[in-house]
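K.L.:
Okay, handing you the structure first.
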Amino acid sequence: MPIPNRPRRSRACGLLAVVLALATAGPAAASPQTLVRGLSNIALAPLDAALAPISSFVGIRENLQNIDDSPGVRRFYPIPAWFYAVGLQLGCSVIRAATGAIEVIPGIPLVFVETDMEPLFDPVTDASALFEFDSDILDDGYRFGINYTQPGF
């Protein structure tokens, strides 16, 4: 039984793959938006968790000022609400890191094409944040210390 000529066939397949890759190259206007958003969500999620007590306090203070509640609610609401809000902020920071990891996977191939993915976790772009920095790469900039209890949508 003759042995197949594998080196010659594998070289031909490799050459064909290179030709196809060059012939079907995408546009020059590639966008790293999805990849950078995913990586920034992974990197900034721990800061959201660290700032959870402060952003919870700010959110509760804004609620007390903007919502017309009875004096009893205003007196007894803040302390249990703070513990609830801190837990919610910590949970949302974990979700932010997880969605960042999920966005990195399709973000790598999307660097080479013009298409971008919608954010998987909208509160990162919609809710108020303690710190916001503009970015040339990200449309929404870098944001952390996000108040997940008051989404802006």
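Start counting the sequence shown at 65; every next residue gets the next number (our numbering).
Ideal Cβ placement from N, Cα and C applies to all residues, glycine included.
Since we're looking at a predicted model, the values are computed, not measured.
(1) Is there contact between the region 172-184 and the region 96-106, where contact requires at least three CB pairs shorter than 8 Å?
(2) Taking Cβ positions, are Q214 and G123 nearer each other than 7 Å?
(3) How many Å lie between L103 and W146 at the Cα?
(4) Taking its Cβ as the centre, do 16 or more other Cβ atoms sit within 10 Å of Q153, making it buried, or is it exposed?
(5) Let me confirm a value: S157 is counted as buried when at least 16 other C-beta atoms fall within 10 Å, else exposed. Which label applies?
(6) Return the residue from the list I159, D180, V100, F195 that minimises the CA-CA distance to A109.
(7) Here's the rule I'm using: 16 or more other beta-carbon atoms within 10 Å means buried, otherwise exposed. How should A149 be labelled?
P.N.:
Short version:
(1) yes
(2) yes
(3) 29 Å
(4) buried
(5) buried
(6) I159
(7) buried
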